[in-house]
Amino acid sequence: MKHLPYFILLLTGACTFVGEPPARPERVEGYVPVYAEASAGEVKFTSPRTVKAPGKIYTYGTYLLINEVNLGIHVYENSNPAQPEPLGFLEIVGNTDMAIRDNILYANHLGQLLAINVTNLSTPQKVGEVTITRWLLGVPPPARSYFQCVEPANGIVIAWKKETLRNPECYAH
Amino acid sequence: MRIRIFALALILFSCSEANVSSDSTQGTGGSLTRFAIKDSYLYIVTGFTINVYSLNAGAFNEVNSITIGFGLETIQANGDFLYLGANDAMYIYSIADRTKPEFVFRYAHIVSCDPVVVQGNRAYVTLRTGNACNLGVNMLEIIDISDPYSPELIAQHQMTSPGGLGISGTCLFVCEGVNGLKMLNVANDQITELLELPEVNAYDVIVKPNSFILTGEDGIFQYDYTCDPPVLTLVSSIPVQRADF
């Protein structure tokens with residue numbers, strides 16, 4: 001009864017179980033969680049970036065938005081689909097989901113829901129912020145690896161850092 | 001005794017579909033989205049709940065949060081109903097009262113990963129075997145939702161590793177991860193494979209009447225298409241430079 005059930009994790013298009021390690025080595029390469037402060041990062045619009053880990057996509061008018069997993073949103077002008085033009089990058093730490101209505105972008109920012117006026121994309125204005133009840137979604141650990149167990153009280157996991165672990169109690173299958 | 005719980009998490013690269021909307025001021029997301037807008041309300045699925053947010057100017061707040069169960073992944077709004085894709089079922093909720101989603105039906109099946117998209121009185125669901133979902137099957141299902149209180153399975157089709165999907169008219173696109181993208185005809189509820197792009201890594205697609213945007217590990221690709229005759233034409237691509245963990 002030492003461990004409460006670990007919930008199922010879903011990883012990049014596949015499903016991953018998190019649970020008891022197959023064995024508990026004394027020292028092993030693994031991952032430790034990087035927690036975000038609830039207030040981490042201001043929303044700002046910066047110059048275009050390379051797409052590295054594309055997440056969900058969204059279209060609004062002639063814009064194409066591409067989520068960069070947990071970092072923010074790439075914004076493209078897509079009125080000519082043969083030549084999508086990068087306009088910039090909207091930095092929103094922890095972001096994975098988005099929706100737009102009447103020029104207001106709704107985006108998750110860690111456990112918060114932000115309302116951002118994007119009438120002028122180069123100067124996004126935050127116009128509201130509320131807590132998302134039971135969001136509880138963080139970044140799962142890499143599959144088939146040992147990791148330091150997550151302490152929800154420490155905040156939301158936004159990344160994993162490689163480290164040598166001692167007697168790790170958690171494993172991602 | 002310290003209690004350690006790692007909550008259900010879903011990472012992206014999901015596959016999706018056009019949320020066709022008559023409201024021109026609203027955008028279009030995909031089948032694995034956790035956000036759905038209906039009128040001036042935003043519905044968010046967390047792992048366990050549907051949360052309702054009022055989007056009225058000056059009244060942006062959470063107006064309700066309803067506990068559904070475990071393993072919620074996707075949400076689609078269609079008419080007066082919400083369709084939720086979960087690990088173990090498709091849930092239908094009524095939003096006749098926009099602020100109070102009310103349970104209508106739980107279409108249960110064996111554990112699998114499944115987004116759902118809706119067009120007219122049909123729901124299209126993919127069931128995929130994953131590492132954690134190895135009780136599942138790899139299947140595309142068409143469900144008749146003319147009566148949301150009594151949905152009926154009307155067609156099934158074997159797939160390889162189906163994930164997100166998108167539909168326009170009778171043309172259905174199914175992302176199969178490393179196994180590419182398939183274009184299918186679903187006219188008269190008969191499922192016929194038309195074409196495939198086996199080499200592209202396909203996770204997420206937004207389908208419009210004559211074009212679609214596909215995303216995956218290799219990049220974001222825009223295609224023009226026709227269903228009859230079946231033709232796919234690559235229009236542009238945005239490259240991805242993957243970072244190592």
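Residue numbers (the working numbering), protein chains in the order written: chain A, 1 to 173; chain B, 1 to 245. Beta carbons are placed, not taken as given, at the ideal position from N, Cα and C, and that holds for glycine. The model shown is predicted, which means the values in this text are computed figures rather than measured ones.
Interface residue (Cβ-Cβ distance to chain B less than 8 Å): A:Ala36 is not classified as such. Contact check between the segment 26-34 of chain A and the segment 45-54 of chain A: fewer than three CB pairs, one atom from each, fall below 8 Å, which does not count as touching. Neighbourhood of A:Ile100 in chain B, by CB distance below 8 Å: Gln26, Gly27, in chain order. Under DSSP, A:Cys170 forms a beta bridge with A:Phe147.
Within the segment 217-238 of chain B, contact with chain A at the beta-carbon level (separation under 7 Å) is assigned to Ile220, Gln222, Val235, Ser236, Ile238. B:Val116 sits close to B:Val125, with the two beta carbons spaced by under 8 Å. In this structure, B:Asp224 lies away from B:Val240, with their beta-carbon atoms at least 8 Å apart.
Of all residues in the segment 37-56 of chain B, only Ile37, Ser40, Leu42, Ile44, Thr46, Gly47, Phe48, Thr49, Asn51, Tyr53, Leu55 come within less than 8 Å of chain A when Cβ atoms are compared, listed by chain position.
Excluding sequence positions up to five before and after B:Ser168, its CB lies within less than 6 Å of the CB of Val207, Pro209, all in the same chain and listed in chain order.
Annotation: the continuous beta strand (DSSP E) that includes A:Glu68 extends over 63-68. For A:Asn108, the uninterrupted beta strand (DSSP E) segment begins and ends at 104-109.
In this structure, A:Glu29 is the residue among A:Pro48, A:Arg166, A:Leu121, A:Glu29 with its C-alpha nearest to the C-alpha of A:Trp160. Contact of A:Thr59 with chain B is assigned, a C-beta pair being separated by under 8 Å. Any Cβ of chain B closer than 8 Å to the Cβ of A:Gly128 would place that residue at the interface, and such an atom is present. For the C-beta of A:Ile92, not a single chain B residue is nearer than 8 Å; the gap to the nearest is close to 14 Å.
Comparing C-alpha distances from A:Phe89 to each of A:Val118, A:Ser79, A:Lys44, A:Gly111 shows the shortest one belongs to A:Lys44. According to the DSSP secondary-structure assignment, A:Arg101 is paired through a beta bridge with A:Ile104, B:Gln26. Between A:Glu77 and A:Glu85 a beta carbon distance of about 4 Å is seen, short of the 8 Å cut, so the two are scored as contacting. Straight through space, the alpha carbons of A:Ala172 and A:Tyr106 are spaced by roughly 32 Å.
When DSSP states are grouped into helix, strand and coil, B:Asp204 belongs to the strand group. Against chain B, a Cβ distance below 7 Å from A:Arg24 picks out nothing, because the smallest value is about 15 Å. For B:Ser54, the enclosing beta strand (DSSP E) covers residues 49-54. Following the DSSP letters along the chain, one finds A:Tyr60 inside the beta strand (DSSP E) bounded by residues 54-60.
Here B:Phe70 is exposed, its C-beta having fewer than 16 other C-beta atoms within 10 Å. Contacts with chain A (Cβ-Cβ distance below 8 Å) from the segment 179-190 of chain B involve no residue at all. When rounded, the separation of the alpha-carbon atoms in B:Ser237 and B:Asp204 is 14 Å.
Counting along the chain, B:Met90 sits inside the beta strand (DSSP E) bounded by residues 89-94.
Here B:Asp39 has Arg98 as same chain residues with Cβ atoms under 7 Å from its own Cβ, once five neighbours each way along the sequence are excluded. Counting only Cβ-Cβ distances below 7 Å, A:Ala115 has contacts in chain B at Phe60, in chain order.
At a cut-off of 8 Å between C-beta atoms, B:Asp204 counts as an interface residue with respect to chain A. The beta-carbon of B:Gln119 is placed no less than 8 Å from the nearest beta-carbon of chain A.
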